[in-house]
Each structure stands twice: as C-alpha cells, then as structure tokens.
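Novice: Dropping the structure in here first, questions after.
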Amino acid sequence: SQVFGTPGVAPHFAMPVTNASQTWWLYTSLTKAYVFDGTTHTDITRAAGDYTAGATRDWNGTLLGGVPVLNNGADVPQYWSSYSAATDLIALTNWPAANRAKVVRAFGVQLIALHLTDSGTVKPHLVRWSHPADPGSVPSSWDVTDATKDAGETDLPDVNAGLIRDGLPLRGNFYVYKDGSTWRMTFVGGVYKFNFQMFSETSGIL
C-alpha cells in the first residue's frame, strides 16, 4: 500500500538519511533528485540542471560521516550539504571536474571511487581514494600527486577477471568486486595507505 504519498518523480534509486529529529528519503529518477521529509516531496536537483544517468542501475549512494553522496557515473558526484528540503544537491567539493566514477562508496573517513573515467579516458580497473574528511564534511582533496595529502590510487591488475562493478566495507576492510574476482582493501597507513590482496580469484560480484 502507498505510504509516502505521490513522489515527485518515479523513483529509480532511494536512500534514507537520519538526523536527531527525523528520517529523510533521498530519491532520484534518471534526471531529477527529490527529498521526502515525511510530509512533502521537494525537488533538490542541482541548480546546474538535470542529471544524465543512462539507466536505473547507474545510481549509487553512500554516507560519509553523515553526509549523503549520490553518484550516477555520468555526472560529477553530488552531495547534500544540509538536511533541509531547501538545500539542493551540489557537486562534490574538490572532485576533479573532468572525472567520473561508476561507483562512489564511503570507507571510514574516506571516499572510494571505482571504475573511473579521467578526462575521457576509461580506467575500469582503477581504485582511487580521497584524503580523509573531517566529521560532517567532504574530502578536501583527490589529488594523488600531492605528497601532503593521503589521496591515492591503484590499478587492480587482473584484467581478465572483468571490470570493477562495485565495492562495500565489511568488518574493517573494503571489498572491491569485479565480474570474476574479489579484492580486499585494508588500511595500513604509511606510504602505501592501503594494502590490496586478492580475496577470490574465481568469484566476483555475482
């Protein structure tokens, strides 16, 4: 039965976010973003115009220290800077404007971007991580060439296992899923920041 009234658009993706007073639902069509506050559906599409997602499965979302981040692989990742129906989504601060990622996930105080396109060049085996974010904020840098920051990247070398499809944290590690393999990403600090180990050579996201 219908419980949330009539949505502003037919939802293709939805995620809940909760603060001390209530739960909000962020949801998207291929081109629009809305928020439901329990009473009203409000358009929070970015001011720059409609999104350009190609399919329902392109949308993904994550919470970084309570900050909602939405991504569709075709547009710059978006975040909701304030839990308010009057606040539109905006481009992720400090994200390189020419870059896109198929998937963006939170892991601890960092964002992990998977299967990237850098200035038009598709890098389907690339994992890139941000500089750690302060609580309640987004990362200050994605610059992997800046030695003063902890952003970095690595290519997973098993190209015959297919493309990176998704990733999720589990029990203190972050697991990167390809079509036919799974990698475990563990924070170690120091020069390398993360250690990557093959978790399964034969089993991927399926």
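Numbering-wise, our numbering puts 278 at position 24 of the sequence shown, and it's gapless, one number per residue. Positions of the beta carbon are idealized from the N, C-alpha and C atoms, including for glycine. Please read these numbers as outputs of a predicted model, since none were measured by experiment.
Give every residue of the same chain whose Cβ lies closer than 8 Å to the Cβ of Y429, excluding the five residues on either side of it in the sequence, and list them in chain order.
Specialist: Hits under 8 Å: G421, L422, P423, T436, W437, R438, M439, F453.
Novice: Can you check whether the CB of W349 is closer than 8 Å to the CB of W278?
Specialist: No.
Novice: Y450 to H385, Cα distance in whole Å?
Specialist: A small correction: the amino acid at residue 450 is Phe; Tyr does not occupy that position in the sequence shown. F450 and H385: Cα-Cα distance of roughly 18 Å.
Novice: Run through DSSP, which three-state label would A405 get?
Specialist: In the structure shown, A405 sits in coil (DSSP, three-state: anything other than H, G, I, E or B).
Novice: Would you kindly work out how many angstroms separate the C-alpha atoms of P322 and A268, rounded to a whole number?
Specialist: C-alpha separation (whole angstroms): 12 Å.
Novice: Suppose you measure from the CA of T456 to the CA of I418; what does that come to, to the nearest Å?
Specialist: Looking at the two C-alpha atoms, the distance is approximately 14 Å.
Novice: Which residues mark the beginning and the end of the beta strand (DSSP E) in which T296 is found?
Specialist: Where T296 is concerned, the enclosing beta strand (DSSP E) stretches over 295-297.
Novice: So for G382, helix, strand or coil by DSSP?
Specialist: Strictly speaking, residue 382 in this sequence is Arg, with Gly absent from that position. R382: strand per DSSP, three-state reduction.
Novice: For L368 versus V381, is the C-beta spacing smaller than 8 Å?
Specialist: Contact flag set, yes.
Novice: So the beta strand (DSSP E) D420 belongs to, where does it begin and stop?
Specialist: 418-424 is the span of the beta strand (DSSP E), which, as asked, contains D420.
Novice: May I have the straight-line CA-CA distance separating L318 from G390, to the nearest angstrom?
Specialist: If I take the Cα positions, the gap works out to 8 Å.
Novice: From this set, A274, Y431, H266, F441, which residue's C-alpha is nearest G357's C-alpha?
Specialist: Before going on, a small fix: residue 357 reads as Val here, not Gly. Looking at the Cα atoms, Y431 is the closest of the given residues.
Novice: Roughly how many angstroms lie between the CA atoms of G434 and A340, to the nearest whole one?
Specialist: Near 43 Å, if we compare the C-alpha coordinates of A340 and G434.
Novice: How should Q364 be labelled, buried or exposed, when 16 other C-beta atoms within 10 angstroms of its C-beta is the threshold for buried?
Specialist: Counting Cβ neighbours within 10 Å, Q364 comes out buried, since at least 16 surround it.
Novice: Taking only three categories from DSSP, how would you classify P456?
Specialist: The question names Pro, yet the displayed sequence has Thr at residue 456. DSSP places T456 in coil when its eight states are reduced to three.
Novice: Please report how far the alpha carbon of V398 lies from the alpha carbon of L280, in whole angstroms.
Specialist: About 31 Å.
Novice: On a CA-only basis, which of G374, G416, T260, P393 is nearest Y333? Give me that one, please.
Specialist: Out of G374, G416, T260, P393, P393 has the C-alpha closest to the C-alpha of Y333.
Novice: Where does V358 sit, in a helix, a strand or coil, going by DSSP?
Specialist: Strand, per DSSP.
Novice: Pick from D412, P411, G406, P270: whose alpha carbon is nearest that of F448?
Specialist: Comparing Cα positions, the closest option is G406.
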